[in-house]
Structure formats: structure tokens, C-alpha cells
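See structure below.
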Amino acid sequence: MLKHRYSLACIYLAAWLRSFGIGMLGVVLGVFLYRQGFSSVTIGLVIAAGIAGAACATIVTTFLADHLGRRATLFFLAQLTALGALPLIYHLGAPALMLLAFVGMLNGMGTDRSAAYALEQAVIPGLVPDHRRTWSLAWYSLVLDASGALGALAAGLPLLAQRFRGVELAASYRDLFIGYALLNVLSGLLYLLLSPEVEIFRAGAPPVWRISVSPATRSIVGRICALFALDSFGGGFLTDALVSYWFFRRFGLNEERLAVMFFAVHVLNALSHLGAAFLARRIGLVRTMVFTHLPSSLFLIAAAFAPSAGWAMVLFLLRESLVEMDVPTRQSYVAAMVAPEERTFASGATNLTRTGAWALASSVSGILMNLTFSAPLILGGGLKVIYDVLLYRSFIGLRPPEER
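Start counting the sequence shown at 161; every next residue gets the next number (our numbering).
And the structure:
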């Protein structure tokens with residue numbers, strides 16, 4: 161039990177470091193690329209390339225992580241992520257930027273949905289008993305969003321350094337991206353400290369290169385993936401990088417104000433995770449997912465029609481106070497419905513579906529913005545409403561063990 165707590169603490173700390181960098185990047189990436197002269201279409205494609213890289217990494221993680229070793233896989237993913245900062249540090253052109261964004265899984269979502277995130281979701285349920293599963297994942301999500309909040313706040317540092325210390329904005333941005341790379345290197349080192357108990361296959365066991373999954377699990381995971389694809393396609397229009405770009409272009413909010421707003425966003429996200437665990441214990445996982453996610457989508461659609469920056473920010477913050485409540489409940493539900501040895505597959509498959517859909521939507525979001533600037537918010541919110549209705553109808557009758 162002590163080893164499990166130690167490993168859980170290492171995972172939480174590594175995730176904290178990674179999410180801090182993601183929080184910074186989510187706020188500044190779109191605005192930084194715009195300041196570098198890139199078009200809305202190119203910005204959308206860069207974000208899509210990073211998400212596509214994460215999707216490919218998730219495929220490898222899903223099928224090979226348990227056999228190559230979860231600790232080694234997490235370490236390698238962290239080092240690759242650090243490489244994603246290189247094109248930003250050295251101001252490379254669009255082709256090199258997209259290539260290294262793909263290889264380095266450059267995350268413009270502002271929210272951690274990486275291959276490491278998928279693998280950590282498979283590891284955590286195995287370190288705690290069933291009755292603590294949802295709470296452990298809720299605390300994990302809280303750690304991610306609390307760190308993301310601080311990272312979002314740190315995104316305002318380049319502008320503050322320019323204003324109060326006379327530092328050139330380009331130099332401040334370079335330091336920010338170097339910091340992003342170092343955070344990922346450090347998180348990778350923490351994974352090497354994990355206990356061998358996090359591994360599925362023990363030392364001396366013969367390697368098995370084919371995943372064995374029961375028909376029941378394939379059926380459930382397949383249905384969940386289909387719905388998650390719809391939800392994430394809507395979410396792909398709503399990455400932090402694109403939303404901050406929307407506020408920057410439509411209302412003229414600079415990086416300093418955006419940093420404060422996204423700090424508040426991530427604080428609300430973090431607090432909502434504990435509320436989700438509390439609510440799930442009383443009304444169930446599926447009801448918690450739907451009854452919180454549906455109104456958040458309506459707030460988002462309303463924000464697209466807001467007449468002023470103030471109203472848009474209020475509606476967006478109301479949305480963010482609810483939208484993440486389905487995250488720990490969704491993770492817990494997926495883990496509960498499959499056997500422990502199938503959790504890497506289930507987590508990888510569901511996260512792969514989500515990142516793939518995010519990448520596809522992000523690739524066309526810039527084009528939509530050229531047609532109608534608020535179109536991504538309206539379309540994204542509408543798709544999420546449809547997802548909530550279908551999720552409730554499909555899974556309200558399938559309960560996890562602790563609800564039976």
C-alpha cells in the first residue's frame with residue numbers, strides 16, 4: 161500500500177509539471193503564431209498537427225506500453241513532448257513547425273489529453289480500491305487543472321516582462337517555451353521513480369504482442385468511442401489556443417487579460433472535479449456526466465452571441481465551471497466497465513478516439529473562422545448537446561460495480 165501511495169504521488173507530481181506547461185501553451189500558442197504572421201488556417205493546422213501527433217502516440221501506447229513497460233513509455237513520451245518546443249524557440253517556418261508539432265505532440269488545447277494522460281488513467285485505478293477509484297481520478301484531474309491554472313497565469317509573463325522590464329517580447333516568449341521544454345524533461349525523470357507495481361507484466365514474463373480483450377469489453381468500448389468521437393469533434397473547435405485567439409481577435413483581449421481569464425477557467429475546472437466525485441456518489445456516474453455537461457454546452461453557444469467581452473467572459477466561465485465535471489466520472493466509468501488488464505486498451509482506445517476527433521476539428525476550425533468567426537463555438541456547442549442526449553440514452557442502464 162505504501163508503494164502504491166508513493167507511485168500515485170509521483171504520477172500526480174509528473175502530471176502537475178506537464179499540465180503547467182500545457183496551461184501556458186494553451187493561452188499563448190494561437191496569439192504567438194498570429195504575432196509571427198501566420199494565418200488563421202495555418203494556426204488551426206499547427207494545432208491539428210500537434211493533436212494528431214498525440215493521437216499517433218496514443219496508438220503506440222495502447223498496444224505496446226504494457227509490454228515495453230509503463231515507466232519507460234511515460235519517460236519517452238515526456239522527452240518527445242519537450243521537443244515540441246523547438247520550433248517555437250527558434251521561430252521555424254510553417255512546414256518545420258507542423259512537422260515538429262506532430263513529433264512533439266504540441267498541445268494547444270490548454271487541457272492535458274496526451275498519450276501520457278491516457279496511460280496514467282490506466283495506471284491509477286490499479287493503485288487504489290474500487291470505492292476510491294472515482295475520488296483518486298477526481299484528485300488527479302484537480303491536480304491537472306490546478307497546475308494548468310497556474311500555467312495559464314504564467315502565460316501573461318512575456319507581456320509583463322515587456323511592459324515593466326523592457327524585455328523584448330520575442331525574447332520573453334523564447335524563455336517561456338524553454339521553460340515548457342524543461343518541465344517535460346523533469347516530469348519524465350519522475351516516471352523513472354515509479355514502483356514496479358505499476359507494471360502489468362512482471363519481470364521474467366514472456367512478452368505478449370497481441371492485446372486480448374473480451375467481446376463484452378470490445379462492445380462497450382466501441383460504443384463509448386463512437387460517442388466520444390462526436391463529443392471530441394465538437395471540442396476540437398474549442399481548444400484554449402483557438403478560444404484565446406477568438407477573444408484576442410473579436411474583443412481585443414491581450415495575453416495579460418487572457419492569462420487571468422484562463423487562470424480562472426482552470427481553477428473552476430479543478431474545483432468542479434471534486435464536485436463531480438461528490439455528485440457521482442449520489443446520482444451515479446452517467447447522470448453526473450450528462451446533467452453537468454449539457455448546460456455547459458448551452459452556455460458556450462450563448463457566449464458566441466455575446467455583445468461584449470464582459471458578457472462573453474461570464475458565459476464562458478459559467479461553461480467552464482461545469483464542462484470538466486464529466487472528466488473524472490468518464491474515466492472512472494470506463495475503468496469500471498473493463499477488467500484491470502484491459503484498462504490500458506480501454507483508456508488508450510477512448511483517448512485515441514478523442515484526440516483523433518480533436519485533430520480533425522482543429523484542422524478545419526481556422527477555415528470556419530474565415531467564414532464566420534464565431535462558427536466554431538456554435539458548431540462545437542451544438543455537437544456536444546447531441547452527444548449528451550445520446551450518451552444518456554445509450555448508457556443509463558449500464559452501471560459500474562459500486563452502483564449495482
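Even glycine gets a Cβ: it sits at the ideal position worked out from N, Cα and C.
Exposure label - residue i; buried when at least 16 CB within 10 Å
i	result
Gly264	buried
Gly396	buried
His251	exposed
His291	exposed
Ala365	Note on Ala365: pLDDT 48, under 50, position unreliable in the model; the coordinate value appears next. With fewer than 16 Cβ atoms within 10 Å of its Cβ, Ala365 is classed as exposed.
Asn344	buried
Gly557	exposed
Phe117	Outside the displayed span of the chain (161 to 564) sits residue 117, for which this structure offers no information.
Asn511	buried
Ser507	buried
Pro488	buried
Thr532	exposed
Pro367	Here the model assigns Pro367 a pLDDT of 47, short of 50, so the residue's position is not dependable, and the following value carries that caveat. So Pro367 ends up on the exposed side.
Ala330	exposed
Arg553	exposed
Ser374	exposed
Ser492	buried
Pro247	buried
Limits of the unbroken alpha helix (DSSP H) element including residue i
i	result
Arg323	Leu317 to Arg325
Thr532	Neither: Thr532 is in no alpha helix (DSSP H) and is coded neither H nor E.
Pro488	Asp486 to Ala496
His251	No alpha helix (DSSP H) contains His251, which DSSP labels as neither H nor E.
Pro500	It is not in any alpha helix (DSSP H) - Pro500 carries neither H nor E in the DSSP assignment.
Leu349	Leu329 to Tyr351
Ile203	Ser200 to Leu228
Thr399	Run containing Thr399: none; DSSP gives neither H nor E here.
Val303	Asp290 to Ala314
Ser449	Inspection of the sequence shows that residue 449 is occupied by Met rather than by Ser. Per DSSP, Met449 belongs to the alpha helix (DSSP H) from Leu445 to Ala464.
Gly470	Ala469 to Val483
Reference residue i; option with closest CA among the options
i	options	result
Ile211	Ala376, Ser392, Leu177 and Ala462	Ser392
Ser457	Ile380, Ile203, Gly542 and Ala208	Gly542
Ala535	Glu502, Ser507, Gly394 and Gly557	Gly394
Ile171	Leu260, Thr294, Gly197 and Tyr300	Tyr300
Phe505	Gly197, Arg195, Ile203 and His227	His227
Gly213	Glu562, Leu317, Ala401 and Thr241	Thr241
Leu413	Ala472, Gly435 and Glu359	Ala472
Leu237	Ala225, Thr532, Gly339 and Leu537	Ala225
Ala430	Leu390, Arg447, Leu402 and Asp486	Asp486
Glu480	Arg441, Asp305 and Thr294	Asp305
Val358	Val288, Ala298 and Phe422	Val288
Ser296	Ala495, Ala321, Tyr194 and Ser179	Ala495
Asp272	Thr294, Val303, Asp335 and Arg409	Val303
Met529	Ser307, Trp406 and Asp548	Trp406
Tyr277	Met258, Gly190 and Arg178	Arg178
Leu346	Ser379, Trp176 and Ala517	Trp176
Ala315	Ile284, Met258 and Gly270	Gly270
Leu279	Ser379, Ser404, Arg410 and Thr233	Thr233
His164	Ser355, Leu387, Leu418 and Phe555	Ser355
Phe235	Ser274, Leu350, Leu189 and Leu402	Leu350
Integer-rounded CB distance, given that residue j should sit under 8 Å from residue i
i	j	result
Leu185	Gly253	Wrong, their Cβ atoms sit about 19 Å apart, outside the cutoff.
Ser522	Thr399	6 Å
His426	Gly183	6 Å
Leu482	Thr452	5 Å
is_contact[residue i, chain D] using C-beta, thresh 8 Å
i	result
Phe533	In the structure shown, chain D does not exist; there is a single protein chain.
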